[in-house]
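These protein sequences, in sequence, are chains A and B. Each residue of the first sequence is one higher than the last, beginning at 92 in my numbering. Each residue of the second sequence is one higher than the last, beginning at 92 in my numbering. Idealized CB from N, CA, C, for every residue including glycine. A quick note: this is a predicted structure, and the numbers were derived from the prediction, not measured.
Number of protein chains: 2
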Amino acid sequence: MTDLLASTAELVGIPSVSHDEGVLADLVVSRLKACDWLETERVGDNVVARTSLGRDQRLVLAGHLDTVPPANNADARVDGDTLWGVGASDMKGGLAVMLDLATTTPSPSADLTWCFYAREEIGREESGLLELWSGRPDLLAGDAAILGEPTDGLVEAGCQGTMRLKISLRGVRAHTARPFTGRNAIHRLGVVLQRVADWEGRTAALDGCAFAEQLQAVAVDGGVASNVVPDAASVTLNFRYAPDRDAATAEAFVREVLAGTFDTEDGDTFVVLDAADGAPPSLAHPLLAALVAATKTDPRAKVGWTDVASFWAHGVPAANFGPGDPLLAHHPDEHVTRDQLERTREVLAALIA
Amino acid sequence: MTDLLASTAELVGIPSVSHDEGVLADLVVSRLKACDWLETERVGDNVVARTSLGRDQRLVLAGHLDTVPPANNADARVDGDTLWGVGASDMKGGLAVMLDLATTTPSPSADLTWCFYAREEIGREESGLLELWSGRPDLLAGDAAILGEPTDGLVEAGCQGTMRLKISLRGVRAHTARPFTGRNAIHRLGVVLQRVADWEGRTAALDGCAFAEQLQAVAVDGGVASNVVPDAASVTLNFRYAPDRDAATAEAFVREVLAGTFDTEDGDTFVVLDAADGAPPSLAHPLLAALVAATKTDPRAKVGWTDVASFWAHGVPAANFGPGDPLLAHHPDEHVTRDQLERTREVLAALIA
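So this is what it looks like as structure tokens:
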């Protein structure tokens with residue numbers, strides 16, 4: 092059996108900050124090309140390897156090659172059965188498991204597509220997966236997909252949508268010594284922020300997974316000069332919405348939460364800056380149900396947005412499952428343990444055997 | 092009698108945006124030096140002319156030479172008995188009246204000090220009056236002072252203090268999908284803004300003048316990234332406080348208004364960025380009482396900060412009195428009328444005759 096802690100350490104040792112995945116892609120290609128049961132293609136810095144055994148079902152297993160920039164944790168460091176370093180948990184541990192299974196499973200129960208893609212950790216529009224969807228969608232075809240993001244050894248089902256909205260409030264400028272001749276736009280912001288902070292939240296239960304919605308102010312701006320009643324102020328909100336809403340209904344909901352705090356007829360604006368819908372759990376799909384069963388643990392909702400949504404948008408039910416603690420992603424203390432890696436391999440091996 | 096509308100138009104025609112008062116100062120010096128009852132000195136771009144007649148009292152009449160930058164109103168334009176243009180009201184009308192009286196009153200009832208100073212409309216530390224107080228305080232000595240700022244033909248007594256305060260709130264960063272692991276500093280700002288907006292105000296009655304205090308948010312800032320619960324947010328407040336408070340008691344008062352919305356032991360900060368105390372009305376002083384009587388109108392409180400406070404800080408009671416509407420200061424529609432100019436001259440002439 093491959094020493095997964097050592098092979099993850101090897102991958103951590105190959106820097107692959109977004110846009111710089113070439114060397115790691117080279118290594119992945121060479122390992123996969125050594126397997127004659129795989130048809131391996133490289134598209135840019137994305138690598139896809141597929142079996143073609145004529146099975147009834149095709150399962151896609153996907154993971155991103157890139158990491159966020161290191162935070163004094165560029166080097167892999169093994170201490171006992173724990174590996175520290177950027178990407179240890181997000182998601183070179185997952186890549187190590189994928190590479191091990193891809194190169195040791197010549198006759199899986201379903202046809203498999205192993206997808207290693209670039210530029211996940213940066214702006215969505217630069218994603219290597221989008222590059223494949225637009226240029227080579229045939230390579231991503233499948234009946235279900237598993238994203239190897241860190242999930243702590245259980246299935247994190249679906250994912251929430253995410254939307255950024257900006258509310259800009261108008262006022263009327265005046266001298267601060269005579270504020271009654273104007274209208275303070277920053278003072279108006281107080282009501283909006285209170286409404287956001289006081290929102291009691293909503294949790295949607297889908298396939299037994301609880302998707303807890305979150306509404307957070309992420310930026311605030313306003314002010315003209317120190318003696319001027321400001322005529323403009325704005326707040327940017329991030330709404331994480333359950334996959335039973337789409338962008339349109341999510342926007343309508345936030346408008347309802349904030350009803351009465353802004354008035355578009357008065358010059359205020361409410362603008363959706365961007366939105367990415369989530370994906371429902373789809374745990375009724377046989378391949379995903381089998382994945383859950385193999386973990387012997389209840390699934391839970393994925394709270395962050397992942398490329399599960401990108402597969403779902405193309406009609407492919409998907410779930411997140413990978414080694415490592417999701418709370419450690421992008422954290423200077425990022426690490427993964429031998430046990431986490433081996434349990435993940437065990438579950439996936441049982442699924443595809 | 093001098094045509095005051097024409098002479099104000101002449102002064103408006105000489106650009107004197109702050110730091111560029113030299114040409115106007117030249118003209119003022121030449122007019123004053125022509126009067127043998129005046130001892131005229133130029134200090135930088137400040138001009139001071141004094142009588143020395145051995146009178147019991149000395150009255151200082153002061154006005155600033157500079158204007159704010161023009162807003163498409165650089166040229167003087169006379170329409171009937173109204174003059175339009177930058178500085179018409181703030182305060183070249185006042186300067187025209189001062190120049191006329193200075194050059195036509197060889198034997199006033201009190202000794203007079205005519206002070207024309209530079210750089211009032213910009214940062215306090217650059218003020219020409221401060222240059223005189225620090226380098227030639229002898230030139231500003233007097234028993235009382237009148238500042239020729241626009242006051243609409245009545246006495247605007249004393250002035251309010253002004254203070255800028257910045258309250259910075261701490262939070263704990265977290266992913267917006269898991270805000271419960273952090274603390275949103277922008278959400279905390281909502282309570283502060285509500286408290287400020289809801290403050291019912293306070294009015295102090297001094298010498299029959301009502302000083303209405305104002306507390307206004309003038310800037311707000313916060314935010315890290317669109318998927319991050321922000322760990323810092325701040326608001327800057329401008330507090331206009333009545334002259335029965337000094338900076339220390341004003342600060343204590345704002346702390347009391349906001350009590351419970353911030354916690355310095357938790358890392359929040361409450362900082363006074365700058366403060367300038369106001370000045371009490373001092374209307375019991377014989378020269379200022381005589382000024383009020385000459386206007387035949389009740390005085391009112393000056394709501395903005397003026398150099399009345401700078402005289403008061405040096406022990407000289409002072410009041411604001413000049414032609415023009417104070418609400419038009421710095422306004423593109425700034426203007427002054429012949430009647431306003433003549434009434435101001437009449438009042439001051441009666442006072443110093």
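- Query: Can a CB atom of chain A be found closer than 9 Å to the CB of B/Gly178?
  - Reply: no
* Asked: Name the chain B residues whose beta carbon is nearer than 7 Å to that of A/Arg331?
  -> Thr267 and Ala268
Sequence-distant residues of its chain with Cβ nearer than 6 Å to B/Val114 (five each side left out): Ile105
- Stretch-stretch touch, CB-based, cutoff 8 Å, three pairs: the stretch 261-272 of chain B with the stretch 431-439 of chain B: No, they do not touch.
Between the beta-carbon of B/Phe330 and the beta-carbon of B/Val311, is there less than 9 Å?
no
Residues bridged to A/Phe59 (per DSSP)
As shown, chain A starts at 92 and ends at 444. That puts residue 59 of chain A outside it, with no answer to give.
A/Thr435 - containing beta strand (DSSP E), residue span | Here A/Thr435 belongs to no beta strand (DSSP E); instead the alpha helix (DSSP H) covers Arg429 to Ile443.
Looking only at C-alpha atoms, which of A/Val399, A/Ala236 and A/Leu328 sits nearest to B/Pro270?
A/Leu328
So, is B/Gly171 buried or exposed, given that buried needs 16 or more other C-beta atoms within 10 angstroms? exposed
**Message:** Need the endpoints of the beta strand (DSSP E) that A/Val362 sits in, please.
**Reply:** Segment Thr360 to Ala367, the beta strand (DSSP E) holding A/Val362.
Whole angstroms is fine: what's the gap from A/Tyr208's alpha carbon to A/Leu418's? 22 Å
message = Contact criterion: CB-CB distance below 9 Å. Does A/Arg255 meet it with respect to chain B?
response = yes
Exercise for review: Note down, in chain order, each residue of its chain lying with its Cβ closer than 6 Å to the Cβ of A/Val78, except the 5 sequence neighbours on either side.
Suggested key: Here chain A covers residues 92 to 444 and nothing more, so residue 78 of chain A does not appear.
Open item on the list: Along the stretch 302-321 of chain B, where does the CB come closer than 8 Å to a CB of chain A? Name the residues.
Closed with: Gln305, Gln307, Ala308, Val309, Ala310, Val311, Asp312, Gly313, Gly314, Val315, Ala316, Ser317, Asn318, Val319, Val320 and Pro321
### Query
Got a sec: is the Cβ-Cβ distance from B/His278 to anything in chain A below 9 Å?
yes
Next on the checklist: I'd like the list of long-range same chain contacts for B/Ser218, defined as Cβ closer than 7 Å, with 5 residues on each side in sequence excluded.
Outcome noted: In chain order, Arg210 and Glu211 place their CB closer than 7 Å to the CB of B/Ser218, counting only its own chain and leaving out the 5 sequence neighbours on each side.
Unbroken beta strand (DSSP E) runs of length 3 or more, entirely within the stretch 338-405 of chain A: which are they? 360-367
Report the rounded CA-to-CA distance for B/Gly281 versus A/Ala265, giving the unit in angstroms. 22 Å
- prompt: For A/Leu203, which residues from the same chain have a beta carbon less than 6 Å from its beta carbon, with the 5 sequence-adjacent residues on both sides left out?
  reply: In the same chain as A/Leu203, and ignoring 5 residues on each side of it, the C-beta atoms closer than 6 Å to its own belong to Thr142 and Leu150, in chain order.
Discussion item. Between which residues of its own chain and B/Ala367 is the CB-CB distance below 7 Å, once the five residues before and five after are set aside?
Written reply: Arg215, Gly252, Thr253, Trp396 and Ala400
| said: When you compare the CB of A/Asn164 with every CB in chain B, is at least one pair closer than 9 Å? | reply: no
Q) Does DSSP classify A/Val159 as helix, strand or coil? A) coil
task = Can you grab the Cα-Cα spacing for the pair B/Leu152 / B/Thr294, in whole Å?
result = Here the C-alpha atom of B/Leu152 lies approximately 29 Å from the C-alpha atom of B/Thr294.
Exercise. Start and end of the beta strand (DSSP E) containing B/Ala167?
Worked result: Here B/Ala167 belongs to no beta strand (DSSP E), and DSSP marks it neither H nor E.
**Q.** Helix, strand or coil at B/Ser225 according to DSSP, with G and I counted as helix
**A.** helix
> Ordered along the chain, which non-local residues of its own chain (more than five positions away) have a Cβ less than 7 Å from that of B/Asp416?
Replying inline: Ser180, Pro241 and Asp243
| query | With a Cβ-Cβ cutoff of 9 Å, do B/Leu192 and B/Leu439 count as a contact? | reply | Their beta carbons are under 9 Å apart, which means B/Leu192 touches B/Leu439 by this criterion.
Exercise. Tell whether a beta-carbon distance below 9 Å holds between A/Val394 and A/Cys250.
Key: yes
Q. Among A/Lys124, A/Ala167, A/Glu247 and A/Ala338, which has the Cα closest to the Cα of A/Thr386?
A. Nearest of A/Lys124, A/Ala167, A/Glu247 and A/Ala338 to A/Thr386, Cα basis: A/Glu247.
On the DSSP bridge assignment, give the partners of B/Ser325 in chain order. B/Ser259 and B/Asp312
Please determine, among B/Glu342, B/Ala288, B/Asn275 and B/Asp365, the residue with the shortest C-alpha to C-alpha distance to B/Ala316. B/Asn275
With burial defined as no fewer than 16 other Cβ atoms inside 10 Å of the residue's Cβ, what is the status of B/Gly154: buried or exposed?
-> buried
- Item | Amino acids of chain B, ordered along the chain, whose beta-carbon sits closer than 7 Å to that of A/Leu284 | Neighbours of A/Leu284 on chain B, chain order: Ile277, His278, Leu280, Gly281 and Leu284.
(request) Say whether chain B places a C-beta atom closer than 9 Å to the C-beta of A/Ala295. (result) no
### Task
Using a Cβ-Cβ cut-off of 9 Å, state whether A/Ala324 counts as contacting chain B.
It does: the Cβ of A/Ala324 has a partner Cβ on chain B nearer than 9 Å.
For this session: Would you mind working out which of B/Ser98, B/Asp322, B/Asp424 and B/Ala338 sits nearest B/Gly358, comparing C-alpha positions?
Result: Sorting B/Ser98, B/Asp322, B/Asp424 and B/Ala338 by C-alpha distance to the C-alpha of B/Gly358 places B/Asp322 at the top.
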